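*Asks:* Once you've had a glance at the structure underneath, I'll fire off some questions.
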Amino acid sequence: KRLDEASTTNLGEERSVGLLNYELSIRGKANFEAVSRKILLYKSFDLLRNKDNIDFKRFRKPAKEIKQSKLKWNSKMQEREKAGYNQKYILNSQIESMKYNDLEYLKTFGGPFTTPEEVDNFMESCSESKEKNKRLYIEVRYAKNSCVSLKHSASVFALRRNCKNLASDKYASNLKEYLGDTRHKTILTIEDLTGVLEKIRNLKATEHLTQDTVKNSEQSSLGNQDADNISHPCTSVQDANKLSHPCTCVGNHIAAFWIDDDGNERWYLGIVECVTANNLIVTYFRKLDGKHNEWVPTDEKLETEFNQVISWNVPVSYVCSERIRCIVPKQIADEIEKLTPRLASC
């Protein structure tokens, strides 16, 4: 009976090993441990479903071996990581030592080079020789080890080709490219920094002045009680372009009135999504708790006639706590509320 129930292939075990290898190579050691536990859990479910035919005492020894294997694996990984850190530390120490030795060598010749002009002067002043090639070789090596903005494998840091030094002209060309493009920068002074800060302050002041001017203009327009002085909407985009308010600008916050089922005129806040020849496409907000100065965004888009618009540019601010809220100043909201029935009757 046991032979009849025995598996004739090892596909299940191969799948398990393949999954473990995949997780280890793609997702790393931490996820490897999780997948290992998941596979053991699934196998345990299979054993529990067939527990009548299985003696669980036989699994004590394999379970102990698995535990010991995991401990051995973790210990081995820690040793390898430690060895890798030590090797990396030794390599970095060697590079640092080489860099300082190169610096001391270059100082004896007035180096290292800092500008392309210095490289040109050196190439013109010295004839071709082994010492010249050695100096340029060490210049490139020092630039390579001290650079933090380019990879060490960058083409400008090439030192050898086919196990031979490059020509002196090639070293010089690479040095000039590196020093000219990545290293030669204008030295900033305190005066330069002060000038930048002054420009930022002037820019901020200009922005605040512009915002205050727009807000005051809007409030004065809404506060005017003479209906004849109100900028009435028009019936075409050409006429709309002549308005003092930027009604044709997509993205403006506008106030428009609607007549409810009970016959009352109510105004709503919206954002202009599109302007057509005859109307506007507006995404409207919803009043929060019946107030006119707090609104929440919705996805409701409605066609709005030009003559429904009360204000073409409502100054608002956004607050985000539990939900995003659009705040209309109370004074602006009260003025729009007063103008709504008058415009609706026009």
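Heads up, the sequence shown is in the working numbering, so the first residue is -16 and it goes up one at a time.
Ideal placement from N, C-alpha and C gives every residue a C-beta, glycine not left out.
Since the structure is predicted, the reported quantities are computational estimates derived from the model, not experimental observations.
Just to confirm the assignment, what range does the alpha helix (DSSP H) spanning N262 have?
*Replies:* Not the alpha helix (DSSP H): N262 falls in the beta strand (DSSP E), residues 262 to 270.
*Asks:* Should the region 170 to 187 be called in touch with the region 132 to 146, which here means at least 3 C-beta pairs below 8 Å?
*Replies:* Touching, no.
*Asks:* Identify whether E283 lies in helix, strand or coil by the three-state DSSP scheme.
*Replies:* Correct three-state label for E283: strand.
*Asks:* Taking 8 Å as the cut-off, decide whether the C-beta atoms of W295 and N235 are in contact.
*Replies:* A contact, by the Cβ cut-off of 8 Å.
*Asks:* Indicate whether the contact test is met: 3 or more Cβ pairs, each with one atom in the region 63 to 77 and one in the region 105 to 125, closer than 8 Å.
*Replies:* Because the criterion of three Cβ pairs below 8 Å is not met, the region 63 to 77 and the region 105 to 125 do not touch.
*Asks:* Compute the minimum distance between the beta carbon of V258 and the heavy atoms of the ligand ADP, and state whether it is under 7 Å.
*Replies:* Of ligands this structure carries none, so the ligand ADP is not represented either.
*Asks:* Please tell me whether P99 and K153 are closer than 8 Å, where the distance is taken between their beta carbons.
*Replies:* No.
*Asks:* Quick one: using the 10 Å Cβ neighbour count with 16 as the cut-off for buried, is W250 buried or exposed?
*Replies:* Per the 10 Å Cβ criterion, buried.
*Asks:* Can you tell me whether DSSP reads G253 as helix, strand or coil?
*Replies:* G253: strand per DSSP, three-state reduction.
*Asks:* Kindly indicate which residue of M81, E286, S129, K47 has the alpha-carbon position closest to the one of V255.
*Replies:* Of the listed residues, the one whose Cα sits closest to V255 is E286.
*Asks:* Is it true that the region 111 to 122 meets the region 140 to 151, where meeting means three or more beta-carbon pairs spaced less than 8 Å apart?
*Replies:* Output reads yes: the region 140 to 151 touches the region 111 to 122.
*Asks:* By DSSP, does S294 sit in helix, in strand, or in coil?
*Replies:* Strand at S294.
*Asks:* With a 10 Å radius around its C-beta and 16 neighbouring C-beta atoms as the bar for buried, classify E48 as buried or exposed.
*Replies:* Result: exposed.
*Asks:* Could you check what DSSP says for V102 in three-state terms: helix, strand or coil?
*Replies:* Residue state, collapsed to three classes: helix.
*Asks:* Using a 10 Å radius around the Cβ and a threshold of 16 neighbouring Cβ atoms, would you call G253 buried or exposed?
*Replies:* By the neighbour-count rule (16 or more Cβ atoms within 10 Å), G253 is buried.
*Asks:* Just the C-alpha distance for E320 and N276, rounded to the nearest angstrom, thanks.
*Replies:* Approximately 11 Å, taken between the alpha carbons.
*Asks:* Taking 6 Å as the limit between beta carbons, can you name the residues of its chain near E283, skipping five residues before and five after?
*Replies:* Excluding residues within five positions, the ones whose Cβ falls inside 6 Å are Y267.
*Asks:* Can you name, in chain order, every residue of its own chain whose Cβ lies under 6 Å from the Cβ of T(-9), other than the five neighbours on each side?
*Replies:* Once the five neighbours on either side are set aside, T(-9) has no close Cβ partner at all.
*Asks:* The beta strand (DSSP E) that contains A137, what's its start and end?
*Replies:* Element bounds for A137: n/a, residue is neither H nor E.
*Asks:* May I have the straight-line CA-CA distance separating Y68 from V179, to the nearest angstrom?
*Replies:* One C-alpha to the other measures close to 44 Å.
*Asks:* With A46 as the anchor, note down where its alpha helix (DSSP H) starts and where it stops.
*Replies:* First-last of the alpha helix (DSSP H) with A46: 43 to 90.
*Asks:* How many angstroms separate the CA atom of V265 from the CA atom of G163?
*Replies:* Looking at the two C-alpha atoms, the distance is approximately 54 Å.
*Asks:* Compare the C-alpha of C309 against each of R124, W278, P298, K182 and name the closest.
*Replies:* Answer by Cα proximity: W278.
*Asks:* Is the distance from the Cβ of P298 to the Cβ of P280 below 8 Å?
*Replies:* Their beta carbons are not under 8 Å apart, which means P298 does not touch P280 by this criterion.
*Asks:* Would you give the residue range spanned by the beta strand (DSSP E) that A239 belongs to?
*Replies:* Looking at the DSSP string, the run of the beta strand (DSSP E) that includes A239 is 236 to 242.
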